[in-house]
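Undergrad: Input: one structure, supplied below.
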Amino acid sequence: MDPQCQPHITVARAGLAVLVVLAVSATGREYSLEYGFGLPEQAGYLQTPAGGMPGTASSKRPTLAEIDLDGGGYRWLGARVDFGPNARIHRAAPFHLRLYARHTTIGDDATSMVTEAFTIRGGVFEAGDSVRCEVAFDSLTLALTAAFDLRAGLSVELGPEIVWTAFDFGMTGERHQSDRAYHVTTFGLVGEISKELGNGWHIGVRFAASPAIEGTGSRYAAETRAGLDLSKNLRVAVGASIEAFRYDDAHKQVLPNRLKVTRRIVPTASVRLRL
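Quick note: the sequence shown uses numbering that gives the first Met the number 0, first residue 0, plus one each step.
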């Protein structure tokens, strides 16, 4: 991986740690930590030119499938601060606030053989070349939602979300080597509907929508979970999610960097600890 990305990933983790510290020191608030992982299936392409110059990259190549980067690992560490009914912005307000932070690591690496030549970063990987590839989409998510507690254990929340994604992609072949790393920001809304079923069981659906605007990426995601409270402070859950992530910088160069990744994460498993 490009060492230039490592300071940014470290900053993301430090930001998450600061949020946890703030949460722990906050009196009268509920806070929790969550760790989770999943098995992703990824599809899409990583178009990577050199300086935006025409002819320096093949259109919509390479695909993740042709260089065996369509699997890999998916892990996250999250923190949540629930300000609770007593922390409403006004006593008459029908909602209370929740603050989320989540650091997600998504990556894969593989050695494969090129079956159809393509150009990337101004160089050509020829058919029959053996290539070593690795890709990472590490991200930091921050969200602030208004949570409404409705009747019969039903709750709904909605609010703004911002995600910073560190993209890092490298290929090493017999005749050519390519490395590219940059950051993508997305802005949008996140929401969740959850239902307590009794006896510690619960289900929920979470969604996020961040349409692209000039200079930013787009991200759409949906996740469903079913879980069980093993105790007052410990919750486990399993689920599945789907995500669509896109970015291009056509606003600033002739031949853009263009990412398109759709991933299904089935199953997911998580543990949440209330502190």
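For glycine and all other residues, C-beta sits at the position ideal for the given N, C-alpha and C.
Out of Ala243, Gly72, Asp148, which has the shortest C-alpha to C-alpha gap to isoleucine 192?
TA: Your numbering for residue 192 matches position 193 in the sequence shown. Distances from the alpha-carbon of isoleucine 192 to those of Ala243, Gly72, Asp148 put Asp148 closest.
Undergrad: Where are the beta strand (DSSP E) runs, 3 residues long or more, that stay fully inside the segment 113–179, in chain order?
TA: 117–119, 122–124, 129–148, 153–171
Undergrad: How would you call leucine 233, buried or exposed, if buried means at least 16 neighbouring beta carbons within 10 angstroms?
TA: Walking along the sequence shown from the start, residue 233 turns up at place 234. Counting Cβ neighbours within 10 Å, leucine 233 comes out exposed, since fewer than 16 surround it.
Undergrad: Could you tell me how far apart the beta carbons of serine 217 and arginine 245 are, in whole angstroms, since I believe they sit closer than 8 Å?
TA: Start at 1 with the first residue of the sequence shown, and residue 217 comes out as number 218. Start at 1 with the first residue of the sequence shown, and residue 245 comes out as number 246. For serine 217 against arginine 245, the beta-carbon gap comes to about 5 Å, under 8 Å, which counts as contact.
Undergrad: Using 8 Å as the limit for Cβ to Cβ distance, is leucine 38 near chain B?
TA: Among the chains of the structure shown, chain B does not appear; only one protein chain is present.
Undergrad: Using CA atoms only, rank isn't needed, just tell me which of Glu133, Arg79, Thr104 is closest to threonine 110.
TA: In the sequence shown, counting from the first residue as 1, residue 110 sits at position 111. Here the closest residue by C-alpha is Glu133.
Undergrad: Pull the bridge partners of alanine 268 from the DSSP assignment, please.
TA: Numbered from its first residue, the sequence shown carries residue 268 at position 269. According to DSSP, which records beta bridges pairwise, alanine 268 is partnered with Phe36, Val237.
Undergrad: Spatial neighbours of alanine 239 within its chain, please: CB distance less than 7 Å, with the 5 preceding and 5 following residues excluded, ordered by chain position.
TA: One-based indexing of the sequence shown puts residue 239 at position 240. Hits under 7 Å: Thr223, Ile264, Val265, Pro266, Thr267.
Undergrad: If we ignore side chains and look at the alpha-carbon of each, how far apart do glutamate 213 and leucine 96 end up?
TA: One-based indexing of the sequence shown puts residue 213 at position 214. One-based indexing of the sequence shown puts residue 96 at position 97. When rounded, the distance between both Cα atoms is 30 Å.
Undergrad: Let me know the secondary structure DSSP gives aspartate 108 once reduced to three states.
TA: Translated into positions along the sequence shown, residue 108 becomes position 109. It is a strand residue.
Undergrad: Glycine 174: buried (16+ other C-beta within 10 angstroms of its C-beta) or exposed?
TA: Here residue 174 corresponds to residue number 175 of the sequence shown, with the count starting at 1. Just to set this straight, residue 174 is arginine in the shown sequence, not glycine. Burial call: exposed.
Undergrad: Quick one: Cα of glycine 37 to Cα of arginine 74, how far?
TA: Translated into positions along the sequence shown, residue 37 becomes position 38. Translated into positions along the sequence shown, residue 74 becomes position 75. If I take the Cα positions, the gap works out to 6 Å.
Undergrad: Could you give the distance in angstroms between the alpha-carbon of threonine 103 and the alpha-carbon of threonine 118?
TA: Taking the first residue of the sequence shown as 1, we reach residue 103 at position 104. Taking the first residue of the sequence shown as 1, we reach residue 118 at position 119. Whole-angstrom Cα-Cα distance: 30 Å.
Undergrad: Taking the CB atoms as reference points, tell me whether lysine 194 and glycine 152 lie closer together than 8 Å.
TA: One-based indexing of the sequence shown puts residue 194 at position 195. One-based indexing of the sequence shown puts residue 152 at position 153. Contact: yes.
Undergrad: According to the Cβ coordinates, are leucine 254 and proline 61 closer than 8 Å?
TA: Residue mapping note: residue 254 aligns to position 255 of the sequence shown, counting from 1. Residue mapping note: residue 61 aligns to position 62 of the sequence shown, counting from 1. Their beta carbons are not under 8 Å apart, which means leucine 254 does not touch proline 61 by this criterion.
Undergrad: In this structure, does DSSP put isoleucine 192 in helix, strand or coil?
TA: Taking the sequence shown and counting its residues from 1, the one referred to as residue 192 is at position 193. If DSSP states are grouped into helix, strand and coil, isoleucine 192 belongs with the strands.
Undergrad: Sorted by chain position, which residues of the same chain lie with C-beta nearer than 6 Å to threonine 184's C-beta, five sequence neighbours on each side aside?
TA: Sequence index remark: in the sequence shown, residue 184 carries index 185 (1-based). Cβ neighbours of threonine 184 beyond the five flanking positions: Trp163, Thr215.
Undergrad: Check this for me: beta carbons of serine 31 and leucine 272, under 8 Å apart or not?
TA: Translated into the one-based positions of the sequence shown, residue 31 becomes position 32. Translated into the one-based positions of the sequence shown, residue 272 becomes position 273. Yes.
Undergrad: Along the chain, where does the beta strand (DSSP E) that runs through glutamate 222 open and close?
TA: For the purposes of this step, residue 222 is taken as residue 223 along the sequence shown, with counting starting at 1. Element bounds for glutamate 222: 217–228.
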